[in-house]
Structures are given as structure tokens and as C-alpha cells.
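Right, one structure below, let's go through it.
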Amino acid sequence: MFRLAKYLKPYLGATILTLFLLFLQTIANLLLPTLMAKIVDIGIPNGNTSYILSVGFYMLLVALLGSAFMVFANLNSAKVAMGFSKDLRRDLFIKVESFSLGEFNKLGTSSLITRTTNDITQVQQLVLMSLRMMVTAPLMVIGGLIMALSTNLELSVVLAFSIPILLVVIGLVAKFGMPLFKSMQVKLDQLNLVLRENLTGIRVIRAFNKVTYEQKRFDAANKDLTSTAIRVNKIMAVLMPSMMIILNLTSVAIIWFGAVRIEAGSFEVGSLIAFIQYVMQIMMALVMVTMMFVMIPRAAASAERINEVLETPFEIQDHVHELTHSSLHGQIVYKDVTFNYPNSEEPALSHISFETTPGKITAIIGGTGSGKSTLINLIPRFYDTTSGEILVNGVNIKDMPQEELRNKVGLVPQKALLFSGTIRDNLKYGKEDATDEDLWRALDIAQARDFVSNMEKGLDSYISQGGTNVSGGQKQRLCIARALVREPEIYIFDDSFSALDFKTDSALRKALKSEVTESAMILVAQRISTIMDADEILVLFDGKVVGQGTHRELLDTCEVYKEIALSQLSKEEIENGK
Ligand SMILES: Nc1ncnc2c1ncn2[C@@H]1O[C@H](COP(=O)(O)OP(=O)(O)OP(=O)(O)O)[C@@H](O)[C@H]1O
Numbered sequence: 001m002f003r004l005a006k007y008l009k010p011y012l013g014a015t016i017l018t019l020f021l022l023f024l025q026t027i028a029n030l031l032l033p034t035l036m037a038k039i040v041d042i043g044i045p046n047g048n049t050s051y052i053l054s055v056g057f058y059m060l061l062v063a064l065l066g067s068a069f070m071v072f073a074n075l076n077s078a079k080v081a082m083g084f085s086k087d088l089r090r091d092l093f094i095k096v097e098s099f100s101l102g103e104f105n106k107l108g109t110s111s112l113i114t115r116t117t118n119d120i121t122q123v124q125q126l127v128l129m130s131l132r133m134m135v136t137a138p139l140m141v142i143g144g145l146i147m148a149l150s151t152n153l154e155l156s157v158v159l160a161f162s163i164p165i166l167l168v169v170i171g172l173v174a175k176f177g178m179p180l181f182k183s184m185q186v187k188l189d190q191l192n193l194v195l196r197e198n199l200t201g202i203r204v205i206r207a208f209n210k211v212t213y214e215q216k217r218f219d220a221a222n223k224d225l226t227s228t229a230i231r232v233n234k235i236m237a238v239l240m241p242s243m244m245i246i247l248n249l250t251s252v253a254i255i256w257f258g259a260v261r262i263e264a265g266s267f268e269v270g271s272l273i274a275f276i277q278y279v280m281q282i283m284m285a286l287v288m289v290t291m292m293f294v295m296i297p298r299a300a301a302s303a304e305r306i307n308e309v310l311e312t313p314f315e316i317q318d319h320v321h322e323l324t325h326s327s328l329h330g331q332i333v334y335k336d337v338t339f340n341y342p343n344s345e346e347p348a349l350s351h352i353s354f355e356t357t358p359g360k361i362t363a364i365i366g367g368t369g370s371g372k373s374t375l376i377n378l379i380p381r382f383y384d385t386t387s388g389e390i391l392v393n394g395v396n397i398k399d400m401p402q403e404e405l406r407n408k409v410g411l412v413p414q415k416a417l418l419f420s421g422t423i424r425d426n427l428k429y430g431k432e433d434a435t436d437e438d439l440w441r442a443l444d445i446a447q448a449r450d451f452v453s454n455m456e457k458g459l460d461s462y463i464s465q466g467g468t469n470v471s472g473g474q475k476q477r478l479c480i481a482r483a484l485v486r487e488p489e490i491y492i493f494d495d496s497f498s499a500l501d502f503k504t505d506s507a508l509r510k511a512l513k514s515e516v517t518e519s520a521m522i523l524v525a526q527r528i529s530t531i532m533d534a535d536e537i538l539v540l541f542d543g544k545v546v547g548q549g550t551h552r553e554l555l556d557t558c559e560v561y562k563e564i565a566l567s568q569l570s571k572e573e574i575e576n577g578k
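Put into C-alpha cells, the structure is as follows:
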């Protein structure tokens, strides 16, 4: 937890001011009982009204000042705690944004959300409480003890019994509460995971009539979290009354022994009242410390989870930071590339070698799970190759800054994804200074001009979260247009034509071929009709290239390709293709 203390550095001034204000407020609190004792012991017995009034006025002033110090201290501590959590959230977000897909898979999206929100809130609350308690509690205990001892040494013996009992209670809470608090965060993760899957998969859940099943799954996670929370609250429920019992018994003991001494004439009523107030201040400070003990384990567990993210080393790092210079443009070369997913023994890709030529389409076909997406995910370095190398314009991509590399890539993902905002916002995602003319040109190539211009607001039409208010094919075409606006050196289409009808698919490929003449184009597809005209086709099977050539060549040389073709095309279509 202390490793996060550096986030308090920018707020050092405000922190010191808070502590100083709280110091003054505690001093004011410690003064009040003595002043009251003076009124009771000197003012009242002597009937000295002016003395009572002047001490009373002094008391009022001290109380008002104490309150004012407290208000400013609370305001300041809130600013410090909020600033601390804002900076921490920002750093966590920046770190997570730079994660490779492997790191995402390891930590899990839901857990990353909980860590950025709830975990930070836990630590933030502890920072707030600590700031408020750090000076107040020890000062109240020490100051209260000094004042109590100076008021009456004999009566202070009562404290020698009650304080250790209170400390034992605090120790018990820490012992039994700590493991429960830690497990609460993990259970919250699980609840978030179920909730997230439900919200994103709502259509599938309804279509499969799995609403009741999902409710049960949510209930299970919810009950698990609730039962831990109840156990925590049971401890808390015992804690407060036990503290109050100790507090009240201490008061009774003090009044009892105090009364005996007053009767014997060795003690004054006012001093007894002051003594009780000091003891209450000491006990209350200890209660506050107990509250902190309750918060510490939970916040410590949260801090550990936050640090785990912040300290995760990047699997993919920039070894060079300077831009690379090359006279080549839009050229990709795979040299004997093999790739294993982390924790997977079988390679997803084995000994892949091929190269692309600018303006030419390189297609990749293969059955599901043959490694097509894995192969193209290596180009923008979502993962790094296990062995072999990938060269872009003659430079190994590991020797190129990631930003430079990704600037060269226009990726259309397998799962079309749009962001909430207008069509214009979405299309300009990769090139902020694109003009409307650029956008319409991209929409033309992507065969999306018609449906966008038919929309009431054209480019200003609103796309809802996840692009749910456009059809699958429209979404794919907008994603293709988004990549085109960027005019990158490398186009990667990951099964991006799957939702298009044959006519649109063919028109789009024709437009791409005539308009994109200087970039590399890699096209992954399941449909043979989509890749038939490609300049070169790679056939993948179980992570290996089992065929390479044009459609015609492959029909003669590659059994796997022939099988795929036969399953999708009629004999005549195959003969015509030949
Ligand atoms: N994140 C991952 N962790 C471990 N293994 C993975 C991961 N992603 C994919 N795989 C495995 O790697 C292999 C290739 O998967 P990939 O997604 O590249 O196939 P694909 O040819 O694109 O399939 P599809 O056409 O169904 O999209 C599969 O066996 C798959 O189970």
C-alpha cells in the first residue's frame, strides 16, 4: 500500500495544511473540558456571574474556532483524497491501454474494470480517513491522557483497565475481519464478470431463452458476495456495542470512584466532569482507530490489486524510439514465423513465410481455428512472434516504435466495432483532419455511400453504443471505410466481408483493387468467392501453410483448398474459375 504513497506527492502542501488544521482543532477540543471545569468549580460555587460569562465566551470562541478548523481540514482532505484517486485512475488507465492482448487475457477485462473503479475507491477512502485520523487520534489519546492524569492521577487507574480491553477488541476485529475483506474484492470481480457478460451478451441470452439460467448465475455470485458482506457486518455489529459497553462501564467506574473522592473532599465536581470528557475523548479516538483497522485490510487488498496492474511488465516493448527510414512502402515479409499463445504448448502458427506486394491482394483462407486471425494479429504486434521475424518495409517490426508501426496499419477487425458518436466521428477515428470529401471517397470504395446518404442526417447520423442501430453488413462497411480514410500502407481485413452479399462483396473488392494501388492488402476470408481473384492465396491448416498460389494453381496443387472450394462452389463455377 505504501508504494502508492507517491501519488500523494503533488498534494503535499494540502496534506500538511490538513494535518496542521486538525492539530489546531484537536487542541481546541482538549481545551474545552478544562474551561468547563473552571466554570463548575470556581464560577458556580462563588456565584461569580462575570467569571462564568467570560470563561463561557472563551469556550464559545474555542468551540467555533475548532469547528472552523475542522471544516477547512475536511475540505482539504477531500481534495487530497480525490486528487490522489484521480491521478491513480489516470495512470492505471494509461497502463491498461498499453497492455498487449496477452496481458488483457491474463488479468481479465472485468477485473481491470473493478480495479480501476472500486479498488481505487477503497484506497481513496482509506487515504481520506487516514488524513483525518493521523493527527487527531494520537493527539487526542496522548493529550487526553496528559490532561486526565493532571486532573486526577488516582482516578486514571481506571484507564489502565479499560484501554487494554479496548485494544484486545481492536486486535480481534483485525484478526477475523482481514481475510473476509480481502475475499470481498475477489467476489466483487466475479459479480462484475457475470454482469458484464450479461450486458454484452443480452441478445444471445434472450435468443437462447437463458434469462432464468443467467439470473441464477447472477444470484449465485450476488449471494456469495452478500454472505461475505454479512459476515463482515456481523463482526461490525458486535464491535460497536462492545465498544460502547466498555465506554459506558468506564464512565460508571469513573463516576463511582470520583463520587467517593468528592465525598471525601479531595476532588471537585467540575474536575470530575472534565475527567470524564477527557476519558471519552481518548476512547473515541481509539474507536476511530478501530474504524481504520476495519478499512486497512480491504484497502490493502485493493492496493495490492492496483499495484499488480501498475507493476505488470509490458510483454511488448519498444526497443527503439526513433522513426525508422526505409525507401520501401507497403511491404510485409514473414520469415519462418512460429507463434505460441502464452500457456499453450501447441504452436498456433508454425514456420510461416510469405511476402506481400503493394497494390496486390494477399488472401488467407483456412478452416476455423486454423490460425488466420493469429497470423494477422502479429503485424500490429498485438502479440510478438515466438520465433522468426516479420519485416515491414524491410525493417523488423520489433525494431520499430509501436506507434510508427500501428500508424502504417489499417485494421478491419473480425468483429466489427463502432464507437458511440456520429458516423463522421467514427470515420475520422484514424485521421482527425480528414475532410468530408475524404470520408465520402472512403464510403464510395466501401460501398457505403448509398446507405449513409439515405440516412436523414448523412455523416452526422448517430451511431449508438457498439453500433447496434446499423445492420451487420452496414457496420462492416463503415469499419472498412474507417480504415480507408486513414490511407494506411497496410490494410488488414479480418473476415470483414462475411456479412456482405455477394454483389456488394465483389463490388467492394473491385473498388479496392482499382483505388488502393500502393498499399499491402491482406484479406482473411472463409468464403472462397471473396478471395478467388486475389493475387496470392495462402491456405492455412492447423497453423501451417499447406498451399500458396493463385486460385487456379491451388485447385491443382492443394488438396485442402480444393476441398474448401468443392464445399462452397459448384463444379461449373470451379471449371469457369480454372
Ligand atoms: N487468446 C488465445 N489464447 C490461446 N489460444 C488461442 C487464443 N486465440 C486463439 N487461440 C487458438 O489459436 C488457434 C488459432 O486461432 P485463430 O483465432 O487464429 O483462428 P482463425 O483461423 O482466425 O479462426 P476463425 O476463422 O474461426 O476466426 C485456435 O486453435 C485457437 O483456439
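Sequence positions in the sequence shown follow the numbering used here and run 1 to 578.
Glycine included, each C-beta is placed from N, C-alpha and C at the ideal position.
N-terminal and C-terminal residue of the alpha helix (DSSP H) that residue i is part of
i, result
"Q585", "Shown here, the chain extends from 1 to 578; a query on residue 585 therefore has no answer."
"S593", "Only positions 1 to 578 of the chain appear in the structure, and residue 593 is not among them; the question remains open."
"E515", "502–515"
"K372", "372–377"
"L418", "No alpha helix (DSSP H) holds L418; DSSP gives it neither H nor E."
"F23", "12–38"
"A446", "A446 -> no alpha helix (DSSP H), and no H or E assigned at all."
"F104", "101–107"
"V485", "472–485"
"I423", "423–427"
Distance, residue j Cα to residue i Cα
i, j, result
"S350", "M82", "51 Å"
"D318", "H329", "22 Å"
"N209", "Q215", "11 Å"
"G430", "V80", "37 Å"
"K360", "R552", "17 Å"
"V524", "G466", "23 Å"
"Y341", "A348", "7 Å"
"L22", "T136", "6 Å"
"E404", "Q476", "26 Å"
"Q526", "G367", "7 Å"
"S591", "D494", "In the structure displayed, the chain extends from 1 to 578; residue 591 sits before or after that span and is not available."
"F642", "M280", "Residue coverage of the chain in this structure runs from 1 to 578, which leaves residue 642 outside it and unanswerable."
"D556", "W440", "42 Å"
"L128", "L8", "11 Å"
"M284", "N377", "60 Å"
"A363", "R89", "42 Å"
"E142", "A300", "Contrary to the premise, residue 142 reads as Ile rather than Glu in this sequence. Looking at the two C-alpha atoms, the distance is approximately 27 Å."
Contact test: residue i Cβ vs ligand 1 heavy atom, cutoff 8 Å
i, result
"Q568", "no"
"M366", "Looking at the sequence provided, one finds Gly at residue 366 rather than Met. Within the cutoff, so yes."
"A348", "yes"
"G472", "no"
"Y341", "yes"
"D495", "yes"
"L375", "yes"
"G108", "no"
"Q476", "no"
"G547", "no"
"V289", "no"
"S100", "no"
"Q414", "yes"
"V409", "no"
"K544", "no"
"L523", "no"
"K95", "no"
"L540", "yes"
From the options, residue whose alpha carbon lies closest to that of residue i
i, options, result
"V409", "N74, E311, A483", "A483"
"K457", "D433, I423, V470", "I423"
"K86", "T116, F104, A73", "T116"
"L286", "F267, M36, Q277, M243", "M243"
"S98", "V211, L310, A446, V157", "L310"
"S498", "P179, I113, Q414, N407", "Q414"
"N152", "M134, V232, G270", "G270"
"F382", "F314, G66, S420", "F314"
"L4", "D224, V141, A303, T228", "A303"
"T228", "P241, I262, K187", "K187"
Bounding residues of the beta strand (DSSP E) (the contiguous stretch that carries residue i)
i, result
"Q598", "Because the chain is modelled from 1 through 578, residue 598 falls outside the range shown and cannot be assessed."
"E563", "Unbroken run through E563 is the alpha helix (DSSP H), 559–568; no beta strand (DSSP E)."
"Y334", "332–339"
"L349", "349–355"
"T362", "361–366"
Subject >> Ranges of the alpha helix (DSSP H) found wholly within the stretch 152–210, counting only runs of at least 4 >> reply: 157–200, 202–207
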